[in-house]
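S.K.: Next up is a structure, given as structure tokens.
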Ligand SMILES: Cc1ncc(C[n+]2csc(CCOP(=O)(O)OP(=O)(O)O)c2C)c(N)n1
Ligand SMILES: Cc1ncc(C[n+]2csc(CCOP(=O)(O)OP(=O)(O)O)c2C)c(N)n1
Ligand code: SF4
Ligand code: SF4
Ligand SMILES: [Mg+2]
Ligand SMILES: [Mg+2]
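Protein chains in written order, with the numbering used here: chain A, 2 to 321; chain B, 2 to 321; chain C, 6 to 639; chain D, 6 to 639.
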């Protein structure tokens with residue numbers, strides 16, 4: 002029997018600030034795992050360093066809290082050695098798009114079959130509110146002495162330019178929607194990326210829950226109450242459904258254009274999805290036919306401490 | 002009197018392979034420096050590690066051959082400390098888009114007023130031909146044991162997603178065009194990026210000079226003889242000429258769409274240019290009014306070994 | 006007897022413990038006392054337990070003691086964690102509303118602590134509640150001062166007619182401070198002044214807080230007697246109250262550091278934030294100067310940018326902690342082979358890996374000394390206290406420039422989270438020596454020209470006629486790549502020879518400091534100095550003479566000097582905040598002499614002079630282990 | 006006298022020097038000789054000078070000598086660079102078309118070398134041309150064998166009617182080899198067989214080359230007499246000819262390493278390339294196995310992926326060199342605090358920084374030992390030759406698994422670019438010990454459970470019931486973050502205690518090897534072993550007994566064992582390929598004993614036994630410096 006939702010929770014004391022958007026994400030993740038019925042010991046959550054990095058301790062599956070910026074590297078290694086594990090990597094926007102941006106780009110190219118979720122709060126939470134790479138140029142959150150000096154990176158655009166085959170965005174206070182997104186992402190065959198808008202009530206007083214809810218816009222227009230809207234409620238079709246260069250380019254460019262929306266209209270949902278590009282695990286199987294049935298982590302290497310690998314043919318070829 | 006072209010050359014023995022595309026790039030760079038009449042001791046060329054990394058030794062200006070993947074960090078530091086220097090960073094595609102991709106993304110956000118040129122040969126030259134991040138998925142150059150396992154990164158798309166304000170592409174065998182591009186790039190107020198297609202005759206037997214010249218296509222169509230065409234010879238307009246979100250998005254998305262062209266039609270020239278976003282050096286001056294006239298490298302800090310900085314007001318405030 | 010008073014305030018992170026301690030420290034300092042304050046906190050933003058101990062004394066003090074004289078607490082956790090530290094004769098001011106709180110209801114009490122707490126309360130026959138803990142303290146001779154913080158707010162609200170005050174639990178910290186100051190008989194005026202100073206930018210907040218302070222201060226009179234008081238002594242001129250990072254920050258400004266690149270990390274980034282908040286600098290007889298403070302994408306970029314900036318002739322530095330430093334080791338070698346003067350301020354914390362990221366440690370010494378692949382010259386230099394760190398920062402930049410060498414300046418979390426009084430920093434005691442940095446160049450220039458002492462005149466990017474090349478590869482005199490074996494030897498010898506030069510030229514007084522050498526002599530480095538000095542005084546007060554040698558130059562190691570200094574010492578006691586006795590290893594490696602005893606602490610909490618005293622005492626009396634491990638501190 | 010013959014082939018990179026040497030080595034090995042070959046090359050793809058020396062002997066040999074017996078050269082540079090190395094009685098086969106070439110026309114001769122060359126030729130009164138250099142050699146007793154390589158090609162073309170042969174200068178290498186083999190009287194058949202084997206995948210190329218070989222071989226008869234010959238001796242069974250990286254590569258396969266992540270870097274990446282080209286593995290009584298070889302975006306990713314893979318229970322490793330290793334030090338500490346078994350094969354090259362990237366060095370020892378911030382346990386283990394490295398690789402994985410600890414396996418460029426004969430590797434001598442790796446789990450599981458010896462049973466990602474957490478922070482027994490001071494002490498002690506366990510449990514024979522101890526004793530580590538063993542034999546042949554102790558376990562340092570082994574040694578000579586005598590420092594740090602003499606080499610070229618012999622000889626005769634610096638090798 003699949004575990005119940007509560008079984009995915011640990012009894013570790015959660016020390017995020019009251020009202021932190023991170024709670025919604027961890028809840029959505031636990032709900033997604035439960036809904037998919039993934040056995041607790043068949044899943045591994047990898048996390049980076051930051052407030053967000055503590056996530057892995059709150060989920061009762063294998064949980065690996067790695068290093069700042071390196072979460073994707075650990076996670077990919079585990080998945081490549083053990084392709085039948087469900088692997089989810091999570092981390093902050095500083096973690097993934099600042100110090101970890103190089104791995105982000107490379108992971109996109111590699112397309113390992115797993116999911117990466119960025120907790121996008123515009124700040125470096127755990128180090129007390131410095132600007133993260135997603136904070137817009139010139140914005141000054143309350144924790145900054147002067148306005149942000151850097152242009153913001155576009156996580157969706159970056160993911161697409163890097164080759165991610167599933168790119169979506171969620172909102173941490175829309176837990177059900179996020180849960181569904183996570184399920185889609187985990188089920189995607191290839192590397193899926195979710196940029197999750199995550200208010201940090203402690204340090205980011207610009208992109209707050211109210212701001213996302215459009216409270217400041219309400220005066221201007223009585224109609225709209227939220228900046229956020231769902232792509233799936235529009236005609237937007239994210240999927241590359243057959244292998245043609247023109248379809249591919251069309252889907253990529255619509256996603257890139259969509260990713261530029263911000264300010265008063267912020268789309269969430271799936272921006273881009275392409276299962277026609279093979280996952281890295283599949284590419285491995287092209288080279289090593291039995292890779293998926295007999296992956297590194299399952300191979301028998303010894304029998305009673307005697308090595309089983311037979312290199313005699315190689316040695317023969319070296320014999321003079 | 003401005004130095005002559007030959008004065009920009011050193012007498013260091015150049016040990017690139019015969020026919021290497023790197024020669025064209027270093028020539029174009031020297032020509033550009035000469036044409037702009039930049040004093041030799043007012044320019045600094047920073048380079049990464051790789052065949053391309055040797056470039057700085059062949060140019061008779063200040064030349065800093067840095068570390069693999071780190072060239073942008075050194076170059077930005079120098080420019081920020083000495084904003085009146087002409088700074089050009091160069092390096093390989095592995096250097097800049099593999100190990101250095103994180104700095105690439107961050108540099109885009111920072112928009113320091115300098116130029117970055119990637120020698121894009123699809124391989125790791127100096128380490129004997131492994132796939133670089135720009136080699137396409139499934140391609141097998143002669144130095145690879147099996148086809149390339151990774152999706153290729155799109156340097157132009159990545160640069161735009163990262164916030165570079167000038168993004169172009171050159172071809173190393175079209176030296177004059179490249180020289181002109183470099184001049185435009187150096188004159189750009191902000192961070193300019195040039196992806197230079199650079200055949201590596203030793204290891205990359207796919208993207209060869211002949212391939213770029215379209216020799217294999219000649220059979221199919223008698224008309225076209227080169228894969229490469231120039232954006233400036235089309236109606237393409239790369240420039241963001243006034244500050245409106247819709248113009249910006251239009252220019253960004255046309256550049257991104259353009260960057261997806263490959264295979265039989267490869268555009269070179271300027272993809273995107275935006276001087277409306279302030280350069281980092283200008284942003285510095287917003288915080289520190291006399292930053293440009295009195296930058297870090299010019300400040301007097303001592304007089305006869307006595308410190309000139311006066312911290313007495315700060316000390317007063319600490320006095321109890 | 007002289008005053009020696011320790012005050013403790015605790016509370017969840019975000020509840021104002023730090024500003025409370027700040028006010029208390031200022032008031033006591035203004036009253037003429039010496040202050041030694043230290044903050045402990047979790048790697049957490051809100052909710053976990055944080056506390057501040059402020060030691061107040063007429064004597065010179067350099068560390069904390071084990072015992073607390075007066076504790077003020079407005080949450081149950083502070084009581085549970087610290088009731089046992091309050092000494093007989095001491096007092097606890099607490100919020101009477103908390104009395105019924107059970108231990109298990111406090112979610113932030115972690116299991117290992119809770120287990121210990123329960124065992125302790127059980128052994129004392131006390132219930133697992135705040136009352137239980139307080140009774141335990143009372144039984145131990147501690148006076149309890151229950152105060153209903155809620156009623157105080159209500160009283161204030163009623164008095165002023167400002168109903169909003171009723172729920173301002175944010176002011177519990179100021180109330181706690183004011184009650185404390187009232188109880189110990191400190192005059193009230195400095196309290197109000199301090200509040201004004203701390204909330205200078207928010208007059209409204211300042212006013213409300215002052216109101217609370219007045220109300221609480223006068224309430225303190227109703228609390229009854231307390232055995233200790235702090236009436237204030239003569240004010241001392243030229244005294245400043247500084248936080249841990251002020252020494253290196255102000256040192257950098259005065260030394261002329263004009264470029265600081267950094268990536269945020271505890272406990273280093275406070276320095277960069279401070280530099281940035283003072284980025285525009287006053288310069289004598291000149292237009293304003295400035296520090297370019299650049300937040301980078303990671304520490305690799307921080308060191309790369311710093312090197313780039315240093316190549317322009319700008320004094321440049323970065324500030325980081327262990328994990329960040331680890332990422333810098335590749336580029337460190339580049340600076341080494343290219344003879345680039347840079348200063349890395351290394352604020353250590355407890356490793357390995359992320360370790361205890363907000364706790365203290367001195368465990369990066371050997372890593373710093375041997376950081377980077379290949380053989381190259383560097384300097385590792387350590388400061389023992391905040392005051393020293395100001396002047397040392399000046400020295401580090403001079404060393405870097407004179408020897409064209411990377412300098413690693415070792416600091417740590419104990420220093421960074423201390424708040425102390427010290428003599429006003431004297432910038433005129435910092436001199437600036439840029440070594441062979443050229444202002445103009447005539448004739449042919451070779452960046453790495455062979456010279457008798459191995460130091461080549463240095464050009465900078467942009468200098469007319471001074472073109473040079475740099476490369477991480479071995480290079481010839483111009484800086485162009487060479488693979489020639491003889492050129493290689495020449496260049497290796499040239500670079501490495503400066504290690505001898507450093508030992509020859511740096512004055513001995515800058516290399517190590519002897520605080521007396523006896524039969525038993527302590528040897529240490531860095532922030533352990535403070536507790537050691539205090540323990541040394543305590544030992545002396547008890548008629549025991551113990552020597553102490555502080556090593557400041559850790560690499561190249563002043564083997565001959567240290568050997569000489571230690572000549573009179575029979576028994577060597579190595580004292581460090583790490584597991585493996587890293588200085589001891591360095592000592593043995595360089596002098597062939599091995600410490601006889603080790604006193605080590607690696608809980609992440611700084612040593613107290615009390616526990617150090619005990620261990621040294623035991624060593625002298627033959628009752629100590631070869632390796633004493635200290636454990637004090639919650 | 007026994008045969009001891011050294012052959013040298015040189016040429017621009019890309020001209021087939023390596024395959025030429027390969028053929029020559031195979032032929033000589035097939036003829037029953039022991040082979041010691043070594044390649045030197047620039048950090049360059051095409052055009053710079055590369056050369057190969059192959060020492061051929063009936064005796065066991067472990068290194069190169071100073072002198073060359075026969076040199077074959079088809080470019081001027083090889084003659085200019087090496088003419089002086091050919092000993093009296095030796096010979097030079099060269100392309101007569103080169104005779105007029107002037108030194109200054111050879112663009113790849115760098116200035117420092119050119120200056121030395123000119124001084125040398127001047128002193129010998131020889132013109133600055135190939136002829137000048139050759140005359141110098143002849144005057145020194147060397148026989149010259151001019152051959153017009155062009156005419157040979159023309160002759161071949163004419164003979165076969167294949168005009169394309171006329172311009173096949175690509176075959177100059179095979180021609181040089183064949184001329185050499187003919188001149189020394191080696192039977193021809195193995196030559197053709199070797200060519201067939203080397204070009205097995207390109208039959209067309211094989212055929213053309215064989216043709217050239219036959220033609221040149223028979224031409225050799227016209228060259229005249231040569232004082233040395235290599236007629237071939239009895240073939241030896243169970244001998245293999247191996248390149249430097251085969252030991253660790255094959256060792257990894259046999260040890261069951263199934264995951265290797267890497268980022269390309271000289272001289273480490275050959276190993277990964279080799280593993281990938283043999284990624285599918287035969288497994289006894291089972292379906293095929295495989296190694297997942299992953300090229301990462303940088304070395305940070307390489308170590309991260311390796312750790313991730315190791316957490317699944319897969320034996321995992323990476324292979325890198327100094328700059329890459331520098332980038333791994335942060336994650337190394339993560340593996341340390343999380344007790345993850347990983348193996349880093351560290352192929353050292355000359356540092357610091359990029360240094361001499363294709364040249365030899367043993368200068369990362371202290372960096373490896375102290376790599377990473379904070380105190381954590383690791384093992385540093387060094388192999389002395391290629392054969393050893395095969396078995397050592399097996400050991401390293403066992404150490405990693407048994408002690409749940411990162412292991413750094415020290416290799417270097419000298420090893421990696423050697424080609425030697427040795428006894429066929431015997432996989433059955435490798436045993437696999439996975440330590441406490443669990444296959445199933447019953448009951449509650451705690452990854453970091455306290456145990457008597459500090460090693461906790463290990464689960465792996467995906468194992469039913471074995472859920473655990475890891476964190477770089479200090480953790481409790483489950484792996485959840487803790488900041489508790491007592492838990493901290495428990496965990497630090499638990500992790501660090503395994504250093505003692507390692508010293509206790511690893512057999513002494515695996516920790517260090519004594520090759521005899523005498524009044525004068527050499528101490529060393531890693532690849533210096535080969536030249537030392539040969540020098541030791543030479544000394545013995547001259548009636549001088551010199552001891553030698555090879556340290557294999559460098560960290561934790563087997564202080565007691567080494568002290569014991571060295572007890573009989575009066576005078577210690579530390580021999581290493583670095584500037585600072587890193588093993589010497591480690592020795593002093595751990596045993597309090599200091600080497601009396603140092604023989605160091607840091608030109609990037611490996612030591613020859615000849616120069617080592619000379620230095621040791623001088624030490625014994627009191628004519629040596631305290632620090633002897635070796636310089637041999639172009
Ligand atoms: C190498 C390294 N540098 C710096 C740090 C310090 N550090 C810890 S968390 C953090 C930033 C966290 O920001 P983000 O990734 O956005 O996560 P958040 O806290 O916002 O969830 C930093 C810089 C570190 N742990 N390691
Ligand atoms: C940290 C580090 N890792 C690896 C290397 C080895 N290395 C030298 S050049 C190079 C790749 C060069 O490829 P690219 O950047 O594309 O330059 P190219 O040679 O093609 O111009 C590598 C991996 C290094 N120098 N430093
Ligand atoms: S600082 Fe921000 S991101 Fe971190 S826990 Fe608090 S609210 Fe959440
Ligand atoms: S390997 Fe390729 S990139 Fe490098 S020098 Fe040769 S041709 Fe140029
Ligand atoms: Mg964040
Ligand atoms: Mg390249």
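Heads up, the beta-carbon is just placed ideally off N, CA and C, and yes, glycines get one too.
Remember, it's a predicted structure, so these values are computed and weren't measured experimentally.
Taking 8 angstroms as the cut-off, decide whether the C-beta atoms of residue 42 (chain C) and residue 59 (chain C) are in contact.
M.R.: Mapped onto the third chain, residue 42 (chain C) falls at position 37. Mapped onto the third chain, residue 59 (chain C) falls at position 54. Yes, these two residues count as a Cβ contact at 8 angstroms.
S.K.: Note down, in chain order, all residues in the segment 455-473 of chain C with a beta-carbon under 8 angstroms from any beta-carbon belonging to chain G.
M.R.: This model lacks chain G altogether; the protein chains it does include are A, B, C and D.
S.K.: Going by CA-CA distance only, name the one from C:321, C:293, C:322 that's closest to residue 309 (chain B).
M.R.: In the second chain, counting from the first residue as 1, residue 309 (chain B) sits at position 308. Checking every option, the nearest Cα to that of residue 309 (chain B) belongs to C:293.
S.K.: Would the beta-carbon of residue 313 (chain C) fall within 8 angstroms of that of residue 244 (chain B)?
M.R.: Translated into the one-based positions of the third chain, residue 313 (chain C) becomes position 308. Translated into the one-based positions of the second chain, residue 244 (chain B) becomes position 243. It is not a contact, given that the beta carbons lie outside the stated cut-off.
S.K.: Would you kindly work out how many angstroms separate the C-alpha atoms of residue 144 (chain B) and residue 461 (chain C), rounded to a whole number?
M.R.: Counting from 1 along the second chain, the entry for residue 144 (chain B) is found at position 143. Counting from 1 along the third chain, the entry for residue 461 (chain C) is found at position 456. Rounded to whole angstroms, residue 144 (chain B) to residue 461 (chain C) spans 43 angstroms at the Cα level.
S.K.: Work out the CA separation of residue 315 (chain B) and residue 2 (chain C) for me, nearest whole Å.
M.R.: Past the boundaries of the shown model lies residue 2 (chain C); chain C is included only from 6 to 639, so the question cannot be answered.
S.K.: Spatial neighbours of residue 469 (chain D) within its chain, please: C-beta separation below 8 angstroms, excluding the five flanking residues on both sides.
M.R.: Against the fourth chain, residue 469 (chain D) aligns to sequence position 464. Hits under 8 angstroms: 445, 446.
S.K.: Output the boundary residues of the alpha helix (DSSP H) element that contains residue 572 (chain C).
M.R.: Start at 1 with the first residue of the third chain, and residue 572 (chain C) comes out as number 567. First-last for residue 572 (chain C): undefined, no H or E at that position.
S.K.: Give the secondary structure of residue 69 (chain A) by DSSP, where H, G and I count as helix, E and B as strand, and everything else as coil.
M.R.: Translated into positions along the first chain, residue 69 (chain A) becomes position 68. Looking at residue 69 (chain A) - three-state DSSP - the assignment turns out to be coil, as it is neither helix nor strand.
S.K.: Using 8 angstroms as the limit for Cβ to Cβ distance, is residue 281 (chain A) near chain C?
M.R.: Walking along the first chain from the start, residue 281 (chain A) turns up at place 280. Residue 281 (chain A) has a beta carbon lying at 8 angstroms or more from every beta carbon in chain C.
S.K.: Residues of chain A with a CB under 7 angstroms from the CB of residue 5 (chain B): which are they?
M.R.: Mapped onto the second chain, residue 5 (chain B) falls at position 4. Those within 7 angstroms of residue 5 (chain B) in chain A number zero; the least Cβ separation is about 39 angstroms.
S.K.: Within the same chain, show all residues whose beta-carbon is closer than 8 angstroms to that of residue 104 (chain D), passing over the 5 residues directly before and after it, in chain order.
M.R.: Counting from one through the fourth chain, the residue named residue 104 (chain D) turns up at place 99. The residues are 134, 135, 136, 139, 151.
S.K.: Round the Cβ separation of residue 64 (chain B) and residue 46 (chain B) to the nearest angstrom and send it over; I've been treating them as touching at under 8 angstroms.
M.R.: Numbered from 1 along the second chain, position 63 holds the residue referred to as residue 64 (chain B). Numbered from 1 along the second chain, position 45 holds the residue referred to as residue 46 (chain B). Contact holds; Cβ gap of about 5 angstroms.
S.K.: Which chain B residues are close to residue 302 (chain D), counting only those with a beta carbon under 8 angstroms from its beta carbon?
M.R.: Here residue 302 (chain D) refers to the residue found at position 297 of the fourth chain. By Cβ distance, chain B contributes 99, 100, 102, 134.
S.K.: Leaving out five residues before and five after residue 89 (chain A) in sequence, what residues of the same chain have Cβ atoms less than 6 angstroms from its Cβ?
M.R.: As a working note, residue 89 (chain A) is residue 88 in the first chain. If we look at residue 89 (chain A) and ignore the five residues flanking it on each side, its Cβ neighbours are 46, 116.
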